[in-house]
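The number in this note's numbering is simply the position in the sequence shown, starting from 1, with 16 added.
Working notes, beginning with the structure itself.
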Amino acid sequence: MAEIYIVSTPIGNRQDITLRALEIFTKLDYLLCEDTRKTKQLLDFYQIKPLPILVSFYEPVEEQKIPEVIVWLKAGKSVGLVTNAGTPLISDPGFKLVRECVKENIQVVPIPGASALLAALVVSGLPTDKFTFLGFLPKKVGKKEKLLKEAKYTVIAYESPYRIIKTLELLQKLMPEKQVVICRELTKKFEEVVRGRPEELLEKMRDRKIKGEIVLMF
């Protein structure tokens with residue numbers, strides 16, 4: 017029986033790949049991808065040969081593909097799992113597959129690397145000894161408000177650039193004196209880290225066209 021490898025990939029800067037990940041890519045029979053086109057571009061950039069068979073594996077199809085993946089693994093095939101950027105399973109597909117592999121006594125091997133939430137946390141200036149990760153915040157204001165109010169320790173969440181202003185306005189209402197940190201486009205050309213109270217961040221960001229992936233912390 018083969019192993020399944022949970023492989024982290026860069027969140028922006030392609031130099032952040034690990035040597036171990038590059039080695040694993042060359043040994044896989046199948047590579048499960050959130051988006052096969054993006055993964056193919058990544059593997060071509062690193063000149064990976066031979067290429068594994070790339071298999072679409074995103075949230076809506078995850079459950080229906082798990083039985084087939086288990087068959088491959090029990091037949092001795094090597095399988096990897098990647099997301100579009102960062103570490104799989106962290107607000108990305110893969111949990112149900114890993115859970116099934118554990119049930120079937122299939123070894124799950126982590127190939128660690130880039131993670132947006134950890135990259136943001138270590139530059140935030142906020143306490144790092146205890147933290148709560150909320151993943152992507154709910155779109156509905158009521159659910160979001162409840163989640164933000166109940167969260168403990170340093171709070172880390174992903175937010176859409178289209179909703180970040182509304183979320184800052186909510187934080188201004190709930191906790192106006194709280195120190196908030198926003199990390200945007202981490203490891204990319206236009207990387208930005210902004211710190212301040214909700215009101216101060218609103219002043220800096222309200223009239224801007226905000227793009228890119230955002231990590232929100234307080």
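Glycine included, every Cβ here is placed at the ideal spot set by N, Cα and C.
| query | result |
| --- | --- |
| Element boundaries [alpha helix (DSSP H), containing P214] | P214 to M221 |
| CB contact flag (L217, L163, <7 Å) | no |
| Rounded C-alpha distance that separates E161 from A167 | 10 Å |
| Presumed contact (8 Å Cβ cut-off) between L48 and V95, rounded CB distance | 7 Å |
| Closest by C-alpha distance to L232, when choosing among Y174, V124 and N29 | Y174 |
| Alpha carbon of K54 to alpha carbon of L133, nearest angstrom | 21 Å |
| Given K189 as reference, the closest of N100, P109, F206 and P214 once Cα atoms are compared | P214 |
| Sheet register partners of S72 (DSSP bridge) | C49 |
| Neighbour-count burial assignment, L35, 16 or more Cβ in a 10 Å radius | exposed |
| Reduced DSSP category for E84 - H, G, I as helix; E, B as strand; rest coil | helix |
| Q31 versus E50, R179, F61 and I172, residue with shortest Cα-Cα distance | F61 |
| Rounded C-alpha distance that separates I122 from K182 | 44 Å |
| Straight-line gap, Q192 to P143 (C-alpha atoms, nearest Å) | Correcting the residue identity first, residue 192 is Pro in this sequence and not Gln. Computed Cα separation, rounded: 19 Å. |
| Beta-carbon proximity check, E120 vs I86, cutoff 7 Å | yes |
| Cα-Cα separation, I198 to V138 | 13 Å |
| Assumed close pair L97, I20 - CB separation to whole angstroms, cut-off 8 Å | 7 Å |
| G92 beta carbon less than 7 Å from that of A18 | yes |
| Best match in T52, I22, M221 and K205 for proximity to C117 [C-alpha to C-alpha] | I22 |
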